[in-house]
Structures are given as structure tokens and as C-alpha cells.
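Protein chains in written order, with this note's numbering: chain A, 1 to 286; chain B, 1001 to 1512.
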């Protein structure tokens, strides 16, 4: 194959990459240097939006730290529950296939529709959850208490996305070599020791991948917040992506929203790289 | 005797055949939506539209999600297509995205939709991209019936950009079977020492709502609550807050701006009048149904319309829902002006005036315009004229979740509601009187219609929701809003906001 032929094969992919990835990023950067909103066009205003973001917008940083809390909490819970479920159906148990499919169902449903259903469940005066709990003298404010509203968001996120973690971890478990387990069995290792010293270390690379993928996804929590609480009560469940959505598509401050998006992208790239390094160091130390 | 009978029946048959009722039946057979009235003659009636031929042409409409305004848009699109042969594509969009869905292509110089639905307070941002309503439609029989204030709401400096299809104002809805019930009045007097009556002030509203909160006062086996209000952040809550603020902050003796001081463009939003209103609203979180601070408009309609609360205030929809045939509280509700206050803030003298004040809030409503770049403008305006023709409009008014409310002079005739909707006469009378009095009031507040209006209202929603959630005190919350408003004015440009705001102030000060 000569030099020119190589480019003929390379160009289509390159064009697609430029069209769907490089161009939007360049456009977002350009947009972030403008005051584009409902009354101004794509004018150039330099770093004004970034200065505003770093010096005069505590709401963005509050929403970022809230997002960090929500995404780390949900991913840890998803990992623990997902691992437990995957471990359960990895073994030869009755109705193994049924459970494998059952645990995947939440992931197959449409997030927005399921969140509407969860919102109905947690509706404080008309929902079935409080209807049942009222028999025990309880009526928690699932959506209107600043702390409990966060818990509700976490419950819905964990319910929706644990199956994804389950699927990756089950695939990992099924691909593990049999020899280490046979050796552990010959040595008379208890199930707990087997899990701690064989299964868990062998699963570390898959676990790191699964956690990072979920962290990337969880850091974009938007639909759940939008449908469940609209970021309320007050701003207690407002996440970065929801805040950017409000500024960009509700208030039409496109330039400012672009500067937030770009800043957010940079922060996420740095923090996820650091997290991946830390996880690798912790989980693959041996 | 037999001859007399025959003659009489011949006369009656003749009258029926040649009268407008019989003429209307021709259309109501095909279009059951208008069965109560039949076609009503006019420039955009069914009869007139059937003479148009738009075969081979496509009309594209972006409207709200079903049902509110989305359902009538789709229904009238279907009827219009049947009558004219046009193809009508209707896209449904959530309320929060209506602005951006039109604005993004507008800014990019495109017109993917011929007709765009939105809120009347979009007018300042949208008017550059909308075609003015042509003279032909301005002079139509349908338009001549529109009230002066709704012509004003749809126009900018004398040019109409939004076609009137809806008229909105906030007013009080209450359970008549409780407030007017002598036994309840006696009980309330005995327990509180006060009169149970339609609340004149927000303080009275709060006292009554608190008293009737959390017990089964209508004997249906379920607990009822004090008030249903739109308190969910980013779900029109800013409008509910302004409704509560007008009594304390719209002083007829201090013209020159309710939201801002027109001369200096300093926000009034954190003055003691607004703070008092927000204090009342924070108190209201104690007498709304469980989860009430997460109620959007749909929840409010369902809650009051379903008989869950004593009071509610906002758009007509909750009242109409309560008066529909399938409602458990049909003919048990009353309409009244928004409560007032025993004192009103004077921003000129910086002091409270201890006298009763009440101010109607002519809140923004559904509005619709035709894109300037549309290639089928005639057809688009014909559709809008047809949408709000007499027969469609009267039929739409009767359906609570259609979101179409009175904006024509003929809508204030109580007989419409008595004859076609089965309302009790006293309820129909109080309803039309409440609405009509707002039209006549000289102390009205109109919606904020300035460039970047969404930035201002979003700041109000954020600030007030922080106060409702207990994150900030009312004063702190509104100080934060005022600071944000000042920043927005700077960003947009003081002159641009001031010039636009002046148009609204003229309306409020009865100079337009």
C-alpha cells in the first residue's frame, strides 16, 4: 500500500473525528470567549466569562462539590452492590439466568421515564412510599428536605446504574482464570480469604475500569436531578451539569455556559486522571 | 288546532334550518370539539377556513408539551388540515425549553418552525425574529373582541408581534363550600375569634390556610391542606412570588416601576415590600400539602382541582379543572381577586403606608408568533386566527388542562359558563367579575418584558427557593437576587433594559 492510499483510508475517520469532536470543542472554546446570549451575538469579550466564573460565581463551585459528593457516593454504592450481585450470580445458583437478566432490567429502562416513576413513588402526599411509611408514623420529606433530597437522588442513580457495574464485573468474574481458585481451594482457604486474596486482586483491573467509566457517567448527572427536584429545594441538589443547563438553555447565557463547560471538562480530565492513578496504586500495589 | 300545530312546527323547522344554530351544526357534526356552540361566524370561522386551499403546503409548529396548550395546538392543527388541505407538523416541547428551541435557530438565522409558541414575556427577545401581525388580522372580527390589556401584552410599542390566543392573570381560588359554610364560619370564629371569609389580605389567607391544614374538613376520609402553590424551583415559581409581592410592593402612589426604579434602574426586588411577601411565602411552607414546596404548576392544578386544598392562586387552570364535570368539587369553588395587604411599601419615602392595598397581576400567558423567515406566513396567520376563532375559543375555555383562558371581551359574559359548562350562576358571576375587575384596575402589574428576561426570573427563582428551603433568610435571599439583577443589567446594558422596561411601566402607570 503506498502513501496516498493510506490517507484515503484515514481521511473519512479523520473527518468524522474533526466533525463530531474537535470542531465542537473548538467552537465551545470560541463561544466561551464571547458574550453570546439572547441580546448579543458571537462577540469577542476575552477572558471575561472565565474571570466571572473564578471570582464571582460561588454557585458553580458549590454545584461542583455537590456533584463530586453525589458521584463518588453513588459510584461506591454501585460498585459494592454491583460486585455483590455479580458475585452471587457468578456462582452456580438456582435461577442463575433469570437473576442475571433481572438485575439488568433497570439499565434497560429510559432514565427520564424511570425518574418520573420514582418521583411518583416518593411524592410526599400522593406517593406509595409515604403511604406505607405513614402506617409506622413516618412521612419523610423525600424531595423537599435538603439532605433527604440528595439521598433520593442517590437511590435513583444507584438503582438505575448498578446493573451497568454488575454487567462489567460479571464479565470480569467470568473471564478470571480457574487455577488461582483451585490453588486456594487446595490450600483450604475460606470463602472470605478466597475473595480477599484471590477474587478481589484479580478483579482490580476490571474494577478500576468500571469505576472510572461510571465516574465519568455519574459526573454528568442531569436527567435525574432535572426530573426529581429541579435542583431544589433551594440549590441543595443542583449539580454542575444542571447548573450549566440552566445558564445555557434556560437563561440563554451561551457564552458563559460554554466557559463553565470548558472549565468543567478540564477539571474532569485532571481529576479523573488523578483518580485513575490513585486507584491503580491502591488496588494494584502487589 | 291541527293547522295551528302544523304551521307552528313548520315555522320552528324553518327557523332551525336557516338559523345560525343549524348552520353551525354542519361543522359540529364533523368537529365534535365545538358541539356546544357550533361554528360561530367570523373571519376565521370553520366556514371561512373551509374556503382556503393550502393543499401541498406544510406548516411547522413548535408548541408546548401535551396537554397545556400542546393539546389545543394539535387539535386545531388537525382541524385546520382537514379544512384547508394543508399538512401541519406539530412538535411538542417542554415549557422550559420553548425559549431556547426557537431562539437558537433564530440567532443562527434559520426558521425551522413557521409558528413558535412561548410565553408572552419572551416578546422583547423574540420580536426581532417575528413577523408583525398583518392588518388583515388586526381588523378581523376575532381580534376586535380581544381586550385592550391583552392587545397591549401581545404588542410592543404599538406593533403586535404575538397573536393573542390566551389571557392570563393570577387570582385567588377558594373552596366555597368551606368559606361560605355557616357551620365552618361558626367553628372558625369560636376557635380563632376571627371571621371566616374570602381573605382580603395575605395575612388572613395564611391564618385560614393554617387553620384548615392537615385535617379532613370536607368529610371525604382524606386529610386536606391549606394552600396549593407553585413553589418548585424553575417551574414558574417566580410568577407565584410576584403574585404575593404585588400587594406589598405595588403602590399606586409611586409610579415609575414595580421591578426597578425606572430612572435609576436600581432593583426594587429587595425592598421591604418584597421581603414581607417572601416572609409570608416562607410561612406558607407550613400549610401546603406534604411535598408542596416541590409543586410545579401541574401539581398545583391537580392538588386544588382534586379537592386537596382550601386555597390556591395562579393561572385559571386550577379553577377550570375544579369546575370540570369530572371534578369532585365542581360548583364548590369560588374566584376572587388576589389578597391584598394592610400596608404597602412606599419606595419614594422609604416607609410603610398603613392603608389597604390590592393589585392585580396580569401575568404573562401563552403567546405565539409567526417567524419572520417563514415561507408560509399567510397560512400561519390563518392557522392562528382559526385557533382562536369564536367556536374553538369557547370550547377550549371549558377544558382546564388546555391552558386557554379568557382574553376576549365576550369571555366575560357569565352566561357562557352557565349555559355551556354547567356552572352555578353565582360562581360564573364571581369568576367573570373577578377577571373583569382586573381588566379595569388602575393598579396592575404586568410581567417583566426586558432583554434577557429569563436571567432575571431565574435569579428570582433561585433566590426565593433558597429562602423557602431555609438556606437563606428572606432579606438575604432577595439581597442576593438584587445583586444578581444589577449584574444582569450591567451585562445586558442599562440603556437597553431601561428602554424596554419603560414600555411596561407605561402600561402599569396607565399611560399606554
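No residue lacks a Cβ here, since even glycine has one placed at the ideal position from N, Cα and C.
- For residue 1135 of chain B, the uninterrupted alpha helix (DSSP H) run begins and ends at 1135-1138, by DSSP.
- For residue 1089 of chain B, there is no enclosing alpha helix (DSSP H); the enclosing beta strand (DSSP E) covers residues 1087-1093.
- The CB of residue 1158 of chain B never comes closer than 8 angstroms to any CB in chain A; the least such distance is about 22 angstroms.
- Within the DSSP bridge table, the entry for residue 1180 of chain B names no partner.
- Chain-order list of chain A residues neighbouring residue 1462 of chain B: 235, by C-beta distance under 7 angstroms.
- Using beta-carbon distances, residue 217 of chain A does not count as an interface residue toward chain B, since no partner is under 8 angstroms.
- Straight through space, the alpha carbons of residue 230 of chain A and residue 254 of chain A are spaced by roughly 20 angstroms.
- Per DSSP, reduced to three states, the secondary structure at residue 104 of chain A is coil, with no helix or strand assignment.
- Under DSSP, residue 1064 of chain B takes part in a beta bridge, and its partners are B/1093.
- In the structure shown, residue 1213 of chain B falls within a coil segment according to DSSP collapsed to helix, strand and coil.
- The C-beta distance from residue 1226 of chain B to residue 1275 of chain B rounds to 22 angstroms, too long to fall under 8 angstroms, and the pair is not in contact.
- Counting along the chain, residue 1432 of chain B sits inside the alpha helix (DSSP H) bounded by residues 1425-1440.
- Inter-residue distance for residue 1247 of chain B and residue 16 of chain A is about 59 angstroms (C-alpha atoms, whole angstroms).
- Per DSSP, residue 1309 of chain B is one residue of the beta strand (DSSP E) stretching across 1309-1314.
- Rounded to the nearest whole angstrom, the C-alpha separation of residue 1154 of chain B and residue 1139 of chain B is 15 angstroms.
- Within chain A, not a single residue places a beta-carbon under 9 angstroms from that of residue 1355 of chain B; the smallest gap is close to 35 angstroms.
- Counting only runs that start and end inside the segment 1199-1271 of chain B, the beta strand (DSSP E) elements of at least 3 residues fall at 1225-1228.
- Interface annotation, residue 1096 of chain B: in contact with chain A, CB-CB separation under 8 angstroms.
- Taking C-beta atoms under 8 angstroms as the contact rule, residue 1244 of chain B and residue 1217 of chain B fail to qualify, at a distance of about 24 angstroms.
- The residue among B/1449, B/1468 and B/1330 with its C-alpha nearest the C-alpha of residue 1321 of chain B is B/1330.
- By the Cβ test, the segment 1079-1096 of chain B is in contact with the segment 1044-1054 of chain B, since at least three Cβ pairs between them sit closer than 8 angstroms.
- Contacts with chain A at 8 angstroms (Cβ-Cβ) include residue 1471 of chain B.
- Listed as beta-bridge partners of residue 1155 of chain B by DSSP are B/1160.
- Within 10 angstroms of the beta-carbon of residue 7 of chain A lie fewer than 16 other beta-carbons, which makes it exposed.
- In terms of Cβ geometry, residue 1270 of chain B and residue 1478 of chain B form a close pair [threshold 8 angstroms].
- When C-alpha distances from residue 105 of chain A are compared across A/141, A/161, A/130 and A/118, the shortest belongs to A/161.
- Listed in chain order, the alpha helix (DSSP H) elements of length 4 or more contained wholly in the segment 3-76 of chain A are 3-17, 23-32 and 48-56.
- Contact between the segment 1366-1386 of chain B and the segment 1340-1355 of chain B is not established, with fewer than three Cβ pairs separated by less than 8 angstroms.
- Assignment of beta strand (DSSP E) within the segment 1343-1376 of chain B, counting only whole runs of 3 or more residues, yields 1344-1346, 1351-1353 and 1366-1370 in chain order.
- As for any alpha helix (DSSP H) of minimum length 4 sitting wholly inside the segment 111-190 of chain A, the runs are 111-122, 128-133, 146-174 and 179-186, ordered along the chain.
- Taking a cut-off of 8 angstroms for Cβ pairs, the segment 238-254 of chain A and the segment 134-147 of chain A do not touch, as fewer than three such pairs fall below it.
- Using a Cβ distance threshold of 8 angstroms, residue 1206 of chain B and residue 1283 of chain B count as a contacting pair.
- Under the 8 angstroms criterion on CB atoms, residue 1043 of chain B is classed as non-interfacial with respect to chain A.
- Below the 9 angstroms Cβ cutoff, chain B contributes no neighbours of residue 63 of chain A, its closest Cβ being approximately 11 angstroms away.
- Against chain B, the beta carbon of residue 125 of chain A has neighbours under 7 angstroms at 1289, 1290 and 1291, listed in chain order.
- For residue 25 of chain A, the closest C-alpha among the options A/183, A/76 and A/266 is that of A/266.
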